[in-house]
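Q: When we follow the UniProt record's numbering, the leftmost residue of the sequence shown carries the number 1, and every step to the right adds one. By construction, the Cβ of each residue, glycine as well, lies at the ideal position given by its N, Cα and C atoms.
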Amino acid sequence: MGAESVPRREVVTGGPLRADGTAVSRPAPPRPGRPDPAVRHLMRRQLRAALTVTGLLLALAGLLPVLSRALPPLAGWLLLGVAPYPVLLAAGAWYVRRAEHHETTATAPGERP
């Protein structure tokens, strides 16, 4: 058994280098700052729509146990197993329409489209 030649490991601690040994310059990453007022306005409008639909769904979900208790057993099971899905579908469709509407009509506050 002879000594096998094993390639020497190199430790890489920096970025790529040019042929002359100097580092390759990269553009600086964008600095985080305040977004454009139009973007902030759009984000506020979409947040308001999201919180509205979330609040309505939570209120309706909170009423389900009360309603299922007041109804006969079969109707209660149908209420819990079937009724939430059309409501969720309608709420999702409404939210998507609102978000698309907000994006197409996005302008800065105080400006008219």
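Determine the burial state of L42: buried for a count of at least 16 other Cβ atoms within 10 Å of its Cβ, exposed for fewer.
A: One-based indexing of the sequence shown puts residue 42 at position 42. By the neighbour-count rule (16 or more Cβ atoms within 10 Å), L42 is buried.
Q: Considering just the uninterrupted stretch of the alpha helix (DSSP H) at L56, what are its terminal residues?
A: Against the sequence shown, residue 56 aligns to sequence position 56. First-last of the alpha helix (DSSP H) with L56: P37 to A70.
Q: Write down the C-beta distance between A49 and A90 rounded to the nearest angstrom, noting that I regard them as a contact closer than 8 Å.
A: Walking along the sequence shown from the start, residue 49 turns up at place 49. Walking along the sequence shown from the start, residue 90 turns up at place 90. Their Cβ separation, rounded to whole angstroms, is 14 Å, which puts A49 and A90 out of contact at 8 Å.
Q: At least one CB of chain C closer than 8 Å to the CB of P30: is that the case?
A: No chain C appears in this structure, which consists of one protein chain only.
Q: Which of helix, strand or coil does DSSP assign to A23?
A: Within the sequence shown, the letter at position 23 stands for residue 23. Strand, per DSSP.
Q: Contact defined as beta carbons within less than 8 Å: I believe G15 pairs with A23. What is the distance between those atoms, to the nearest angstrom?
A: Taking the sequence shown and counting its residues from 1, the one referred to as residue 15 is at position 15. Taking the sequence shown and counting its residues from 1, the one referred to as residue 23 is at position 23. With 8 Å as the limit, G15 and A23 qualify as a contact, their Cβ atoms being about 6 Å apart.
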